[in-house]
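Q:
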Amino acid sequence: MISIAGLASIVLFYALILAVGIWAGRKKQAGNDSEEEVMLAGRSIGLFVGIFTMTATWVGGGYINGTAEAIYTSGLVWCQAPFGYALSLVFGGIFFANPMRKQGYITMLDPLQDSFGERMGGLLFLPALCGEVFWAAGILAALGATLSVIIDMDHRTSVILSSGIAIFYTLFGGLYSVAYTDVIQLFCIFIGLWMCIPFAWTNEHVRSLSDMEVDWIGHVEPKMRWYYIDYGLLLIFGGIPWQVYFQRVLSSKTAGRAQLLSYVAAAGCILMAIPPVLIGAIAKATPWNETEYTGPYPLTVDETSMILPMVLQYLTPDFVSFFGLGAVSAAVMSSADSSVLSAASMFARNVYKLIFRQKASEMEIIWVMRVAIIVVGILATIMALTIPSIYGLWSMCSDLVYVILFPQLLMVVHFKKHCNTYGSLAAYIIALFIRLSGGEAILGLPALIHYPGYDVETNTQLFPFRTMAMLISLITLVFVSWWTKMMFESGKLPPSYDYFRCVVNIPEDVQRVGDPAESGEQLSVMAGPLARSYGAATMAGKDERNGRINPALESDDDLPVAEARRLNQQTAQSQVQKMIDSATGKAGGGGGQSQGVAMPTPEQDNTAF
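Whatever position you read off the sequence shown (first residue = 1), add 38 for this note's numbering.
#1: Let me check one thing: in DSSP terms, what residues is THR498 bridge-paired to?
#2: Can you tell me which of ILE83, ALA43, GLY159 and GLY122 puts its alpha carbon nearest to the alpha carbon of ALA386?
#3: Return the chain-ordered list of same chain residues with a C-beta closer than 6 Å to the C-beta of ALA43, the five sequence neighbours on each side being excluded.
#4: Quick one: what's got a C-beta closer than 6 Å to ASN136's C-beta in the same chain, skipping five residues either side?
#5: Between the C-alpha atoms of GLY529 and VAL541, what's the straight-line distance to the nearest angstrom?
#6: Quick one: any contact between the stretch 252-260 and the stretch 107-119, if contact means 3 or more CB pairs under 8 Å?
#7: Measure the C-alpha to C-alpha separation of TYR352 and GLY230 and round it to an integer number of angstroms.
#8: Please classify ILE48 as buried or exposed, where buried requires at least 16 neighbouring CB atoms within 10 angstroms.
#9: Can you find the residues in the same chain that come closer than 8 Å, C-beta to C-beta, to ILE510, ignoring five residues on each side of it along the sequence?
#10: Tell me which same chain residues have a C-beta within less than 7 Å of the C-beta of LYS322, skipping the five on either side of it?
#11: What residue range is occupied by the uninterrupted alpha helix (DSSP H) comprising VAL516?
#12: Helix, strand or coil, according to DSSP, for ILE60 in the structure here?
#13: I'd like to check one pair, MET146 with LEU500: are the Cβ atoms closer than 8 Å?
#14: At what residues does the alpha helix (DSSP H) containing CYS226 begin and finish?
#15: Given that a residue counts as buried once 16 or more other Cβ atoms are within 10 Å of its Cβ, and exposed if not, what is MET577?
#16: Under 8 Å by Cβ, that's how I've got ALA119 and GLY130 pegged, so tell me the actual separation to the nearest angstrom.
#17: Quick test of your reading: TRP280 and VAL439, contact by CB under 8 Å. State the CB separation rounded to the nearest angstrom.
#18: Whole angstroms are fine: how far does the CA of PHE163 sit from the CA of PHE275?
#19: Quick test of the definition: if touching needs 3 or more C-beta pairs under 8 Å, does the stretch 484-498 touch the stretch 413-427?
#20: Could you please give me the residues that DSSP links to GLU478 through a beta bridge?
#21: Is there contact between the stretch 197-215 and the stretch 365-379, where contact requires at least three CB pairs shorter than 8 Å?
#22: Since SER290 sits in a beta bridge, which residues does DSSP pair it with?
#23: State the DSSP-derived secondary structure class of ILE144, mapped to helix, strand or coil.
#24: Output yes or no for whether 8 Å exceeds the beta carbon distance between PHE210 and GLY63.
#25: Buried or exposed: SER562, going by 16 or more other Cβ atoms within 10 Å of its Cβ?
#26: Quick check on the burial criterion: 16 or more other C-beta atoms within 10 angstroms. Buried or exposed for PHE394?
#27: Counting only the same chain and skipping the five closest in sequence on each side, list residues whose C-beta sits under 8 Å from that of LYS66.
#28: Can you list the alpha helix (DSSP H) stretches of 4 or more residues lying completely in the stretch 111-167, in chain order?
#29: Confirm, please, whether the CB-CB distance from SER383 to SER92 is below 8 Å.
#30: I need the DSSP call for ILE274, collapsed to helix, strand or coil.
#31: Within 10 angstroms of the Cβ of ASP437, are there 16 or more other Cβ atoms? Answer buried if so, exposed if not.
#32: Between LEU127, CYS457 and LEU224, which lies nearest to PRO149 when the distance is taken from Cα to Cα?
#33: Have a look at ILE320 and CYS234 and give me their C-alpha separation to the nearest angstrom.
#34: Among the residues of its own chain, which have a CB less than 7 Å from the CB of PRO355, if the five just before and after it don't count?
#35: May I have the straight-line CA-CA distance separating CYS226 from PHE517, to the nearest angstrom?
#36: Candidates ILE278, MET348 and ALA381: which alpha carbon is nearest LEU127's?
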């Protein structure tokens, strides 16, 4: 029998999220359907909303449920996600937020396509897409199971309803809706769970957490140390190359603010983990066979995955549990929206536009993105309803993001002169093979290679082969790029063999943009001090070639766009006049720039096809 009170709480919180999503969507400038406006909220996310939406990069339904489950099953020392994802935000802020935001990219794949070409970027899109879709599907599946247990609601109904609402307001408002619903999401989680903790902790069936029999701290066995380190590094560095993170970074008003938000969000990740950690410890101290719980005891894997909603149901009063349940459900629904928007944004810009329709208008790209939001949402919903091992699929994809995307993103952001498309493709293939050869027990994928310390009983690789695959991928990328460049430039391989046209057989009509200049000097003749062209855009169409207002380089966040454009035009005119005067003075000297056209510099010679 479905619980009317529980259903009412779900409806209340869902209505709140939907109303906030629609209201936030109205903040989008009327008639402005540009990529930046929809995908990045016009790069105008403020400090307050930015802190919440950056924290919500990882804090959501899966985060709080998984943290409570880890505490119950393995103890605090094995609860690596809060610390791992917090450190990923810190390292992301230190090494990636500033250069990515300064360049004015729109998606995480832009610098990859800038360096390796559109087609290689499309190949790198696959692990990123799968990771986003499986993450959304996994948390939707967890929500369906939760509601079916707590209020006896059909899990199919809850999954379809949740995804439908998330798709609707994301379609309506883009990142504006995602960001503002993130604020409500975090408030719901924090208040809802802290409201439940006192009631659960003081329940008559819960023993003292200091009891020697209640081991909620856990320990790491000597044979598991390398496995433990491997997963820790996976969370830290594999948590960086996700569009859900760079979506927030690139939407910040300035590069400095993007860094600041990353650091504050790292503290937010730790803070938001405290309630689920306490709930997991309370569950560990509870003899469940003495409560109203009637399922198997000791708890099986199916029950431990829902340990947080079980605490809400059996250890707190009804009105408290329903409030907590509503908060968790709203959080899960709001977690799915950013993944759906991220996957759709990357497809519309980096696949459809840069590979198939380079001259597509921005309105066409926005409509493609809207269709992609619906398609990705439907795919995630279908997977949540039909695939039993969603977590296994997401786990595999997160591994691929770590071993494939992280080394390549690191190189193109900081060492782009030392990598090319040949190295990228070789590193992609090597990393994919090594990871798949290690197997995946959750998916029933057998291990082709038994690395040192392989546990035959549990089919578990105790050797840190994921980190090994990442390092080998990085070395392969650097070595193959160096070798191919050396072979072509020395003449040992003719230019006609440069199939990817990224070493010597470079098209004359494609220019690369160098690293962001520290002093703010321009990278394009027609760009003023407030605009910066970037490679993935300059290869896309004329509408983005001659510079656009980049808020990352504004000296004043509140500088009107009209004023910025006026200053931009004045500076461009003065630069052109200086170049004409210089060319006139050098007439007859055979100068290579006598016509006032900026020629490619030596740093711009690594363009991919």
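Using N, Cα and C, we set each Cβ at its ideal position, and we do this for glycine too.
A: Once the coordinates are examined:
#1: Here the question's residue 498 lines up with position 460 in the sequence shown. As DSSP reads the structure, THR498 sits in a beta bridge with ASP493.
#2: Within the sequence shown, the letter at position 348 stands for residue 386. Residue GLY159 is the option with its Cα nearest to ALA386.
#3: By one-based count along the sequence shown, residue 43 stands at place 5. Only PHE360 meet the Cβ criterion.
#4: Here the question's residue 136 lines up with position 98 in the sequence shown. Within the same chain, Cβ atoms closer than 6 Å to the Cβ of ASN136 are found at ALA293 and GLN297, the five residues on either side in sequence being excluded.
#5: On the sequence shown, residue 529 is found 491 positions in, with the first residue counted as 1. On the sequence shown, residue 541 is found 503 positions in, with the first residue counted as 1. Going from the Cα of GLY529 to the Cα of VAL541 covers about 12 Å.
#6: Yes: at least three Cβ pairs fall under 8 Å.
#7: Here residue 352 corresponds to residue number 314 of the sequence shown, with the count starting at 1. Here residue 230 corresponds to residue number 192 of the sequence shown, with the count starting at 1. The straight-line gap from Cα to Cα measures roughly 16 Å.
#8: Stepping through the sequence shown from its first residue, residue 48 is reached at position 10. Using a 10 angstroms sphere on the CB of ILE48, the tally of other CB atoms reaches 16 or more, which defines it as buried.
#9: As a working note, residue 510 is residue 472 in the sequence shown. Excluding positions up to five away in sequence, the list reads ILE468, ALA469 and ILE472.
#10: If you number the sequence shown from 1, residue 322 lands on position 284. Excluding sequence positions up to five before and after LYS322, its CB lies within less than 7 Å of the CB of ILE109, TYR110, VAL252 and TRP254, all in the same chain and listed in chain order.
#11: Within the sequence shown, numbered from 1, the residue matching residue 516 stands at position 478. That run of the alpha helix (DSSP H) goes 503-527.
#12: As a position in the sequence shown, residue 60 is number 22, starting the count at 1. ILE60 falls in the helix class under three-state DSSP.
#13: One-based indexing of the sequence shown puts residue 500 at position 462. One-based indexing of the sequence shown puts residue 146 at position 108. Result no, Cβ atoms of LEU500 and MET146 do not sit closer than 8 Å.
#14: Locating residue 226 in the sequence shown gives position 188, counting from the first residue. Per DSSP, CYS226 belongs to the alpha helix (DSSP H) from 213-239.
#15: Your numbering for residue 577 matches position 539 in the sequence shown. Confidence at MET577 is low in this model, with a pLDDT of 43, below 50, so the placement of that residue is unreliable and no value is reported for it.
#16: As a working mapping, residue 119 is identified with position 81 in the sequence shown. As a working mapping, residue 130 is identified with position 92 in the sequence shown. Going by Cβ atoms, the distance from ALA119 to GLY130 rounds to 16 Å, so no, they are not a contact pair.
#17: On the sequence shown, position 242 is the one that residue 280 refers to. On the sequence shown, position 401 is the one that residue 439 refers to. Indeed they touch by this definition, with Cβ atoms about 7 Å apart.
#18: By 1-based counting over the sequence shown, the position of residue 275 is 237. By 1-based counting over the sequence shown, the position of residue 163 is 125. PHE275 and PHE163 have their alpha carbons spaced roughly 18 Å apart.
#19: Per the Cβ contact rule, the stretch 484-498 is not in contact with the stretch 413-427 (fewer than 3 Cβ pairs under 8 Å).
#20: Start at 1 with the first residue of the sequence shown, and residue 478 comes out as number 440. Within the DSSP secondary-structure output, GLU478 pairs in a beta bridge with LEU483.
#21: Contact annotation: the stretch 197-215 touches the stretch 365-379, with at least three C-beta pairs closer than 8 Å.
#22: Within the sequence shown, the letter at position 252 stands for residue 290. Answer by DSSP bridge pairing, in chain order: ILE83.
#23: Indexing the sequence shown from 1 puts residue 144 at position 106. In the three-state scheme derived from DSSP, where H, G and I count as helix and E and B as strand, ILE144 is classed as coil.
#24: To locate residue 210, count along the sequence shown from 1; it is residue 172. To locate residue 63, count along the sequence shown from 1; it is residue 25. In this structure, PHE210 lies near GLY63, with their beta-carbon atoms less than 8 Å apart.
#25: If you number the sequence shown from 1, residue 562 lands on position 524. With a pLDDT of only 34 at SER562, under 50, the local geometry of the prediction cannot be trusted, and the value read off the model is given with reservation. SER562 is buried by the Cβ-count criterion.
#26: Taking the first residue of the sequence shown as position 1, residue 394 is located at position 356. Exposed.
#27: For this step, residue 66 is matched to residue 28 along the sequence shown. Here the set comprises GLU75, VAL76, ALA79, GLY80, GLY211, GLY212 and TYR214.
#28: Taken in chain order, the complete alpha helix (DSSP H) segments of 4 or more residues contained in the stretch 111-167 are 119-130, 136-140 and 148-154.
#29: Here residue 92 is taken as the residue at index 54 of the sequence shown, counted from 1. Here residue 383 is taken as the residue at index 345 of the sequence shown, counted from 1. Note that residue 92 is Met in the sequence shown here, rather than Ser. Not closer than 8 Å, so no.
#30: Here residue 274 corresponds to residue number 236 of the sequence shown, with the count starting at 1. Looking at ILE274 - three-state DSSP - the assignment turns out to be helix.
#31: As a working mapping, residue 437 is identified with position 399 in the sequence shown. When all chains shown are included, ASP437 counts as buried.
#32: Along the sequence shown, read from residue 1 onward, the residue named residue 149 stands at position 111. Checking every option, the nearest Cα to that of PRO149 belongs to CYS457.
#33: Numbered from its first residue, the sequence shown carries residue 320 at position 282. Numbered from its first residue, the sequence shown carries residue 234 at position 196. The alpha-carbon of ILE320 is positioned some 11 Å away from that of CYS234.
#34: Looking up residue 355 in the sequence shown gives position 317. Here the set comprises PHE237.
#35: Here the question's residue 226 lines up with position 188 in the sequence shown. Here the question's residue 517 lines up with position 479 in the sequence shown. One C-alpha to the other measures close to 49 Å.
#36: Taking the first residue of the sequence shown as position 1, residue 127 is located at position 89. Comparing Cα-Cα distances from LEU127 to each of ILE278, MET348 and ALA381, the minimum goes to ILE278.
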